[in-house]
Amino acid sequence: MSGGMNNHSAFQRNNLGSSSSPYLKQHAGNPVWWQEWSSETLEYAAAEKKPLLVSVGYATCHWCHVMAAEAFSDRETADFLNSNFISVKVDREQRPDIDQYLMTFMQAQTGSGGWPLNVFLTHDLKPVHALTYAPARTAGQRYSLLDISRAVTGFLESQAERIVPFNMPEQEAPHSDADRLAENLSEFFDSENGGFGFGQKFPPHSTLLFMLYRMAADGRGADSLMETGAEGHPGGNPDDHALFSEMVTATLDAMMMRGLNDHLQGGIFRYCVDREWTIPHFEKMLYDQAMALWSYSLAFRVTRLERYRGMAEKIVRCLDETFLRDGMYVTAFNADTNHREGATYLWSMTELTALLTPEELDSFSGVYDITERGNFEGLNHLVRKNAGQVEEIEEKLLAVRKQRRQPSCDDKILSGLNALTAAALTQAGRMLDRPEPEAQAATLTWKLLETFWDGTSLAHSSYDGVLQRQGYLSDAAALLMAVSMLYESDPSWGEVMNTMADYVRTFRGDDGRWTESDAGDFQRIYASWFDHPVPSSVSLAETALTRVALLTGGEVVPAGWRRPYHSDFYNINVLLTEDLFYLYTTREPLPWNSIPVNSIQRRGEPETVCYGKTCRTF
157 MSGGMNNHSA FQRNNLGSSS SPYLKQHAGN PVWWQEWSSE TLEYAAAEKK PLLVSVGYAT
217 CHWCHVMAAE AFSDRETADF LNSNFISVKV DREQRPDIDQ YLMTFMQAQT GSGGWPLNVF
277 LTHDLKPVHA LTYAPARTAG QRYSLLDISR AVTGFLESQA ERIVPFNMPE QEAPHSDADR
337 LAENLSEFFD SENGGFGFGQ KFPPHSTLLF MLYRMAADGR GADSLMETGA EGHPGGNPDD
397 HALFSEMVTA TLDAMMMRGL NDHLQGGIFR YCVDREWTIP HFEKMLYDQA MALWSYSLAF
457 RVTRLERYRG MAEKIVRCLD ETFLRDGMYV TAFNADTNHR EGATYLWSMT ELTALLTPEE
517 LDSFSGVYDI TERGNFEGLN HLVRKNAGQV EEIEEKLLAV RKQRRQPSCD DKILSGLNAL
577 TAAALTQAGR MLDRPEPEAQ AATLTWKLLE TFWDGTSLAH SSYDGVLQRQ GYLSDAAALL
637 MAVSMLYESD PSWGEVMNTM ADYVRTFRGD DGRWTESDAG DFQRIYASWF DHPVPSSVSL
697 AETALTRVAL LTGGEVVPAG WRRPYHSDFY NINVLLTEDL FYLYTTREPL PWNSIPVNSI
757 QRRGEPETVC YGKTCRTF
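My numbering runs 156 ahead of the 1-based position in the sequence shown.
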């Protein structure tokens, strides 16, 4: 932006057209005078003593699109905002620190959250009021953005001096009793439908991984090598193992068989809007593919159920056919196609009848629940009735589907999510006994280092040739996780691993607290302890550093159990620090299919395997 902060005209227009964010560019045509978040914008607001409307979203957010087309395109609303506020658009995936702070405020104010996240702030960045979607016109109890903006303006005129800063505290996950982990999880488990919670269903990625590794650590599987006593895992019992097994298989099967899964091409959607996992929100996110790939690959090894291998292989197909761009993976695909949610994926009975022979239609309807009335707005989203095999018909329909208009793509590259994908590919290669995914992970990791690492810091995102240099703990920790896994097979990764470990440690203060980011244009944000779609930053960092210590003979810092379902990836770190992973020391790498699923390999002599404080030579 030319002219400096005193050039009023520079702020009297929408300035998103040249943004390096696909989300912000979606709002470039709004009559609202949108600005990007920057020191210059904040300085201008402070100098003018003008409050801000900060609106946070992301490129594949359905309700962000709706609000862009409605309230943010309404001339009367835009005129009021332009006269009374500095309006700022933020891509939550490019600035997760701002999103985290404002979302915490909204949850404290309303008890809920979501996107678009719209927050009114004073000129000195004190949050005043938060909301998600608002229409262009008030209808019943749903107030328009214009009416809300007018109310906020009136409040600021009369109460400005009483507004206090919002300080976001560090929120540590509560401790848990090791004997009650399974019981704690069962409080959230939907035994009828699988998954956790009793409303809309999200894939519980970190919880699935923890339960699978815990099942392996219980010492009752075919992979077990050490004598661990009648109860297996110290503090565990057979009833816990059975409960973990029930929760894992019921959830993985529901995610695989019902509407969360893209049955034709592979991959999973963001979440299902119903308890029964029938109708998804049709976004496809990179982080979901990475985490689901890790879960299903691991589940195959732990349970020996062939259906999980097939699911994992189809997720790899989805990644390669849809997300891969020039050696790295794009962020997400929209739920909407031509302004209709799910349009790419839905089928009418008339269309299916025209495309398939009577014999094919009969076979297909024997496997999938398809009807004349459909299950979503008169059309059919594919949901399986059973595990019958109709692969030729699926490929036929997929070929037709590929000719349809496709959802738009958020094609920015996020370093942390790509690193998480590299970790998942590495695990998939090992669990499925296939060399290709791990080789792909190594190539991807080198590409990430070449693109985002400058020798001292790791950039966050890349879009349209522009790097966002702000560093985040979540990115650094995910990359360290991926590199530490690759090191197990190839010690040449050692220098990179040690360098990245040192970089991760720069995010931890002398008081032991982790910082997610400390951006020059915003306040310090402490790292999250709570898993959401991906493992928390704290969990990733602590677990990756534990792995490095085990691989290099460094000090292993003990960890304590945390409340499950809230911080389950951290509980995987507890398994590591309690020596409940097999630690192999060998001259040459062992085939991963010859050792337990909960194993770590390092190079050295004498050749030993250690588990639960007990070591033996071999």
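Built from N, CA and C at the ideal position, the CB exists for glycine as well.
Computed from a predicted structure; not experimentally measured.
{"Query": "Just the Cα atoms here: how many angstroms apart are Ala675 and Gln626?", "Result": "7 Å"}
{"Query": "When burial is assigned at 16 or more other CB atoms within 10 Å of the CB, is Trp450 buried or exposed?", "Result": "buried"}
{"Query": "I'd like to know whether the C-beta atoms of Ala455 and Leu576 end up nearer to each other than 9 Å.", "Result": "no"}
{"Query": "Mapping the DSSP letters down to three states, classify Leu736 as helix, strand or coil.", "Result": "coil"}
{"Query": "When the Cα atoms are used, what is the spatial distance from His495 to Phe354?", "Result": "30 Å"}
{"Query": "Tell me the DSSP secondary structure of Gln596 in three-state form.", "Result": "helix"}
{"Query": "Looking at the secondary structure, which residues open and close the alpha helix (DSSP H) in which Lys245 lies?", "Result": "Not the alpha helix (DSSP H): Lys245 falls in the beta strand (DSSP E), residues Ile242 to Asp247."}
{"Query": "Whole-angstrom Cβ separation of Trp271 and Gly185, contact assumed at under 8 Å?", "Result": "Going by Cβ atoms, the distance from Trp271 to Gly185 rounds to 20 Å, so no, they are not a contact pair."}
{"Query": "With distances taken from CA atoms, which of Cys217, Gln191 and Glu469 is nearest Ser175?", "Result": "Gln191"}
{"Query": "Can you give me the C-alpha to C-alpha distance between His164 and Ala201, rounded to a whole angstrom?", "Result": "11 Å"}
{"Query": "Just mark Ala295 as buried or exposed, buried being the case when its beta carbon has 16 or more other beta carbons within 10 Å.", "Result": "exposed"}
{"Query": "Along the chain, where does the beta strand (DSSP E) that runs through Gly213 open and close?", "Result": "Leu208 to Gly213"}
{"Query": "Pull up the distance between the alpha-carbon of Gln421 and that of Thr278, whole angstroms please.", "Result": "48 Å"}
{"Query": "Classify Thr384 as helix, strand or coil using the three-state DSSP reduction.", "Result": "At Thr384 the pLDDT is 49, less than 50, meaning the model places this residue with poor confidence; the figure from the coordinates comes in the next sentence. Three-state DSSP puts Thr384 in coil, outside helix and strand."}
{"Query": "Count the C-beta pairs between the segment 392 to 403 and the segment 433 to 448 that are closer than 8 Å, then say yes if the count reaches three, no if not.", "Result": "no"}
{"Query": "Cβ of Leu605 within 8 Å of any heavy atom in the ligand MN?", "Result": "The ligand MN is not part of the structure shown, which contains no ligands of any sort."}
{"Query": "What did DSSP end up calling Lys357 once you bin it into helix, strand or coil?", "Result": "strand"}
{"Query": "In terms of residue numbering, what span does the beta strand (DSSP E) encompassing His397 cover?", "Result": "Run containing His397: none in the beta strand (DSSP E); it sits in the alpha helix (DSSP H), Pro394 to Met413."}
{"Query": "Taking the DSSP output, what are the residues bridged to His437?", "Result": "Tyr427"}
{"Query": "Exposed or buried, which one is Asn490 when buried takes at least 16 other CB atoms within 10 Å?", "Result": "buried"}
{"Query": "As a quick exercise: from Ser613, Val275, Arg586 and Glu326, pick the residue whose alpha carbon is nearest that of Pro752.", "Result": "Arg586"}
{"Query": "Measure how close the beta-carbons of Met505 and Ile526 come, nearest whole angstrom, since I'm counting them as under 8 Å.", "Result": "6 Å"}
{"Query": "Bridge partners of Asn274, per DSSP?", "Result": "Ser211 and Leu287"}
{"Query": "In whole angstroms, what is the alpha-carbon distance linking Ser332 and Leu480?", "Result": "40 Å"}
{"Query": "On the criterion of 16 or more Cβ atoms from any shown chain inside 10 Å, does Ala697 qualify as buried, or is it exposed?", "Result": "buried"}
{"Query": "To the nearest angstrom, report how far apart Thr434 and Ala406 are at their CA atoms.", "Result": "15 Å"}
{"Query": "With a CB to CB cut of under 6 Å and the five nearest residues on each side skipped, what residues in its chain are close to Leu570?", "Result": "Thr487 and Ser617"}
{"Query": "Cα separation between His285 and Tyr179?", "Result": "23 Å"}
{"Query": "Since Leu623 is in the beta strand (DSSP E), which residue starts that stretch and which ends it?", "Result": "Val622 to Gln624"}
{"Query": "Can you give, in chain order, each stretch of the alpha helix (DSSP H) that sits fully within the segment 475 to 518 and has at least 4 residues?", "Result": "505 to 511"}
{"Query": "Report buried or exposed for Met622, applying the criterion of at least 16 other Cβ atoms within 10 angstroms of its Cβ.", "Result": "Reading off the sequence shown, one finds Val at residue 622, where the question assumed Met. Answer is exposed; the Cβ neighbour count stays below 16."}
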